[in-house]
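Undergrad:
Chains as they are written, first to last, in the numbering used here: chain A, 1 to 315; chain B, 1 to 443.
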C-alpha cells in the first residue's frame, strides 16, 4: 500500500514551470534579451581588441592591486591560454562570469543588507539560500533551459542562482559583525539609518563583503563548465566536447584555462578586500584584545575564503 | 576642582526621568503592570527581563550625575533611554524640556544631534576615519559644511590634548588617546548634555585617573551636564556631584558622595561603600564636629577659663568678630593671665595651630592631626571657624563609626589642671590678691 503512494513533488514543480512558461513568456523573453545583450557587449569588449591589449590591461590591474609579481604571473598565465589556442573560449567564459557575477552581486548584497537589518527577513532568506546552495548545480539547468531556451542565457541564469548564496551570507555576516557599539555611536549622534548603513556599516563590512564577492565569482567560474552543457559556449563547451570524445588533450587545455582565469580572478578580488583590511584589522585586533569586544568575528572569514577559493573553482 | 564644578550647577533640570520602566521580552507592558503591583523582579516570567524598574531622578544643568551599579544592575539600559537608543516601556524621559519617550524618529534624531551626545565604553570610534573626521562626525550629521566642521573639530581635538594626531587613524592611538577622540567627538557637537557609558572603564588605572581629572577640568570650563555610568565606586565618588546607586534595576539611593558614604540607605549600599577609600572622598566639612571650646576674644582670660573648666578642656579656640579664628589659648597661659590680672587674651593667642579649608580631603589631614595636639580647625575662606576635627573623629570617620551618637565629649586636649584649682580661681573676686596665694598652695 505504502509503495503505491508517491509524493508528486517533482510533478508539481514541473507543472509550476509549465505555468510560468505559458503565462510569463514575454517576461522571460525580455530577461533573455537583456542578459544576452549584456553578455554580447562584454564579450565584444573582451574579444574585439587584440589579445595582448587585454593581457596588458589585466596585468596592469594586477600590478595596481597587488604588485609586479602578480602582474608577471598574469601575463604568463594568459599567454599560456593564448598558446593552447583557448583565448576566444576563455574570453567568452570570462564574459559569462562577469555578467553573472555582476548580477548576482547586485542581487545578493541588497538581500544581505536586508537580512542583516531584520531577524525576520534573515529567517526567511536563510533556508532559501540553503536550498539554492545545496541543490546540485545541474538541476538549475533544466528549468533554465525551458524558460530561456538553449544558448548562453540559461547558463547565466543558472550561474546567478547558484552563486547568489555566498554574496548574501557574507554581506549579512559582515554587517552583523560590525561592532554594535560603533553602530550605536552612529545612532547616538543622530544619524539616519541610511547614513549609518552608508557611512558605517557598509565600509566596515567591506572586507567581509569583498570575500563574499570573491566567492560569488569563484562559484560562477565553477558553473562555466556546466553552462557548456546547455550551449553556453566558451571553455565549457570544449570541456563537454572533450568528455564526449574522451579527448584528454583538449580537456586538459580547456580545464587549465579555467584554472588560470580562476586564480587570476581570485587573487585580484582577494587583494581588493585584503587591501582594505590591512588598514582596519589592527584596530579590530586591538579592540578585541583590550576590550574583549566580539568585533574580530568577520576578520578570519576572508582569509579562510581565499584558501577555499581555488578548490571551489576547479570543481 | 569639585567645588568649582558645583558652582556651575543651576537649579533648572536638564534631564528629568519619571517612573521609568524598561522591560525586555515578549510582553513588556504586562510585566510593568506586575512590577507596579509589587511582583518582584525575580518572579517575572522567564521571557521578561526587567532592566530598569521605577527610576525617577532629575539631573540639574551643569551637574555631574553618576549612576553606579554592578553589571546587570540596569545602568547601561538606563543611560540608553536618556537619548532614545532604547525606548522606555513605561514612564517618561524629558531632555531639555522635550519628552523624548514619545516623539517621532526624526525629532529624536534632532534631539541627539542638538542636545545629547555620548561617549562609549569601548570608544566606538569609526576605524575607517581619521581622528579629525571622527571628531567631526556629529557636526557632519548636523549638516555643518566640511571646512567649518573640520575647523571646529580640530579645536576640540586640541583641547582634549591630541594636538598633532588629527590625521592619524584610531588604530594608531593608545586606549587613553582613543577615548580622548571619543570625548572630542562628543564635545564637538556642542550639546549641553553628555552621556558617558563606562567611558573610562576600559582604560589603565593611571590613565583613568588622568582622564577623570581632565573631565573635571573640561566640565568646569564648559559647564556641560554629564551623566556618567560606572561600576567603580571610587570613580563615582571622585566625579559625581550626585550619585545614584542602582541594584537589580532599581535606584536604591541618590545623594552626594558624602551622603552615600556617611548615610547609606540600606545594607547593600553600605556594603558597597565599605571598600571605598573614605579618606579621599570625605572632606573636612563632612566629618567636622561643632567647635565647643571656643571663646570670643572679648570674654577675656576669665571667660576662657570658665569655658575650659566647663568642658574640661585644656585649650580653646579664640574667635574675633564674625567668628574669625584668631588662634588658640591653652589653660596654662590663661591661668597665668588670670593670676596676673591681665585682661587681654590676644597677647597669649598661639597662631601656630592646624587649620584646613572645608573641602580638604581627609587624606590630607592625618599629618596635621599627628603633629597638632589640638583638634584641627576647619575654616572657610574668610578664616571663619566652621568646626573642628579631633583625632578621634578623624579615625571614626575612616572606620565609618558614627561619632555624634556617643555620649562622650570629645574635646582635646583634656585639661590637666585639676577642677578644684580652676573652681577656686574662678570663685575668687575679680582683681584678687588671693590668687597669688592659691597658686602657692597648689603649685
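From the three backbone atoms N, C-alpha and C, an ideal C-beta is built for every residue, glycine too.
Find the nearest neighbour of residue 216(A) within the set 183(A), 171(A) and 242(A), judged by alpha-carbon distance.
TA: When only C-alpha atoms are compared, the closest one is 171(A).
Undergrad: Taking only beta-carbon atoms, is residue 165(A) less than 8 Å away from chain B?
TA: Residue 165(A) does not count as touching chain B.
Undergrad: Quick one: using the 10 Å Cβ neighbour count with 16 as the cut-off for buried, is residue 39(B) buried or exposed?
TA: Exposed, because fewer than 16 other Cβ atoms sit within 10 Å of the Cβ of residue 39(B).
Undergrad: What residue range does the beta strand (DSSP E) around residue 347(B) cover?
TA: First-last for residue 347(B): undefined, no H or E at that position.
Undergrad: Quick one: what's got a C-beta closer than 8 Å to residue 30(A)'s C-beta in the same chain, skipping five residues either side?
TA: For residue 30(A), where only same-chain residues beyond five positions count, there are no Cβ hits under 8 Å.
Undergrad: Three-state secondary structure (DSSP) at residue 43(B)?
TA: Helix, per DSSP.
Undergrad: Alpha carbon to alpha carbon, how far is residue 399(B) from residue 260(B)? Give it in angstroms, no decimals.
TA: Roughly 15 Å between the two C-alpha positions.
Undergrad: Out of 287(B), 419(B), 393(B) and 49(B), which has the shortest C-alpha to C-alpha gap to residue 27(B)?
TA: Answer by Cα proximity: 49(B).
Undergrad: From what residue to what residue does the alpha helix (DSSP H) around residue 225(B) run?
TA: Note, residue 225(B): premise wrong, no alpha helix (DSSP H); beta strand (DSSP E) at 225-230.
Undergrad: Quick check on residue 143(B): buried or exposed, where buried means 16 or more other Cβ atoms within 10 Å of its Cβ?
TA: It counts as exposed.
Undergrad: Taking a Cβ distance cut-off of 7 Å, strictly less, list which residues of the stretch 25-44 of chain B are near chain A, in chain order.
TA: For the stretch 25-44 of chain B, which is checked against every Cβ of chain A, not one residue is closer than 7 Å.
Undergrad: Is the beta carbon of residue 175(B) closer than 8 Å to that of residue 207(B)?
TA: A contact, by the Cβ cut-off of 8 Å.
Undergrad: Return the residues of the stretch 134-152 of chain B that lie within a Cβ-Cβ distance of less than 7 Å from chain A, sorted by chain order.
TA: Within the stretch 134-152 of chain B, the residues whose Cβ lies closer than 7 Å to some Cβ of chain A are 137, 138 and 141, listed in chain order.
Undergrad: Just curious, the beta strand (DSSP E) that residue 84(A) is in, first and last residue?
TA: Unbroken run through residue 84(A): none, as it is neither H nor E.
Undergrad: Between the Cα of residue 184(B) and those of 304(B), 87(B), 161(B) and 301(B), spot the shortest distance and give me the residue it belongs to.
TA: For residue 184(B), the nearest C-alpha among the options comes from 161(B).
Undergrad: For residue 387(A) and chain B, any beta-carbon pair shorter than 8 Å?
TA: Coverage of chain A is limited to positions 1 through 315, which leaves residue 387(A) absent and any answer about it impossible.
Undergrad: Please go through the stretch 225-250 of chain A and give each complete alpha helix (DSSP H) segment of 4 or more residues, from N-terminal end onward.
TA: List check, alpha helix (DSSP H) in window: 234-245.
Undergrad: Nearest to residue 93(B) by CA position, among 137(B), 122(B), 21(B) and 147(B), is which residue?
TA: The shortest Cα separation from residue 93(B) among 137(B), 122(B), 21(B) and 147(B) belongs to 21(B).
Undergrad: With which residues is residue 319(B) paired in a DSSP beta bridge?
TA: DSSP output for residue 319(B) lists 296(B) and 325(B) as bridge partner(s).
Undergrad: Can you tell me which of 335(B), 53(B), 60(B) and 363(B) puts its alpha carbon nearest to the alpha carbon of residue 223(B)?
TA: Ranking the options by Cα distance to residue 223(B), first place goes to 60(B).
Undergrad: Along the chain, where does the beta strand (DSSP E) that runs through residue 15(B) open and close?
TA: Taken as a continuous stretch (DSSP letters only), the beta strand (DSSP E) holding residue 15(B) covers 13-25.
Undergrad: Would you mind stating whether residue 33(A) and residue 147(A) have Cβ atoms separated by less than 8 Å?
TA: No. Outside cutoff.
Undergrad: In chain A, which residues lie less than 9 Å from residue 120(B) when you measure between Cβ atoms?
TA: Near residue 120(B) (Cβ distances below 9 Å), the residues of chain A are 181, 182, 184, 185 and 188.
Undergrad: Would you say the beta carbon of residue 364(B) is closer than 7 Å to some non-hydrogen atom of the ligand ADP?
TA: Among the ligands in the structure shown, none appear at all, so the ligand ADP cannot be discussed.
Undergrad: How far does the alpha helix (DSSP H) with residue 213(B) in it reach, from first residue to last?
TA: Note, residue 213(B): alpha helix (DSSP H), 205-222.
Undergrad: Which one of 54(B), 88(B) and 349(B) has the shortest CA to CA distance from residue 332(B)?
TA: Among 54(B), 88(B) and 349(B), the Cα nearest to that of residue 332(B) belongs to 349(B).
Undergrad: Looking at chain A, which residues of the stretch 82-112 of chain B have a Cβ within less than 9 Å of any of its Cβ atoms?
TA: Against chain A - using a Cβ distance shorter than 9 Å - the residues of the stretch 82-112 of chain B are 83, 84, 85, 105, 106, 108, 109, 110, 111 and 112.
Undergrad: Using 8 Å for Cβ pairs, my map puts residue 325(B) next to residue 379(B). What's the rounded Cβ distance?
TA: Between residue 379(B) and residue 325(B) the Cβ distance is about 5 Å, and since that is below 8 Å, they are a contact.
Undergrad: Where are the alpha helix (DSSP H) runs, 4 residues long or more, that stay fully inside the stretch 59-123 of chain A, in chain order?
TA: Complete alpha helix (DSSP H) runs here, min 4: 68-83 and 87-117.
Undergrad: Whose C-alpha, out of 266(B), 287(B) and 316(B), is nearest the C-alpha of residue 357(B)?
TA: For the residues 266(B), 287(B) and 316(B), the minimum Cα distance to residue 357(B) belongs to 287(B).
Undergrad: Could you compute how far the alpha carbon of residue 191(B) sits from the alpha carbon of residue 95(B)?
TA: When rounded, the distance between both Cα atoms is 11 Å.
Undergrad: Can the beta-carbon of residue 17(B) be found closer than 8 Å to that of residue 57(B)?
TA: Yes. Within cutoff.
Undergrad: Mapping the DSSP letters down to three states, classify residue 314(B) as helix, strand or coil.
TA: Of the three classes helix, strand and coil, the one that applies to residue 314(B) here is coil, per DSSP.
Undergrad: Which residues in chain A have a C-beta closer than 8 Å to the C-beta of residue 117(B)? List them in chain order.
TA: Ordered by position in chain A, the residues that pass the 8 Å Cβ test against residue 117(B) are 188 and 189.
Undergrad: Short check: CB of residue 189(B) to CB of residue 125(B), under 8 Å?
TA: Result no, Cβ atoms of residue 189(B) and residue 125(B) do not sit closer than 8 Å.
Undergrad: Our contact map puts residue 82(A) next to residue 51(A) with C-beta atoms below 8 Å; I'd like the distance itself, whole angstroms only.
TA: Yes, they are in contact, since the Cβ atoms of residue 82(A) and residue 51(A) sit about 5 Å apart, within 8 Å.
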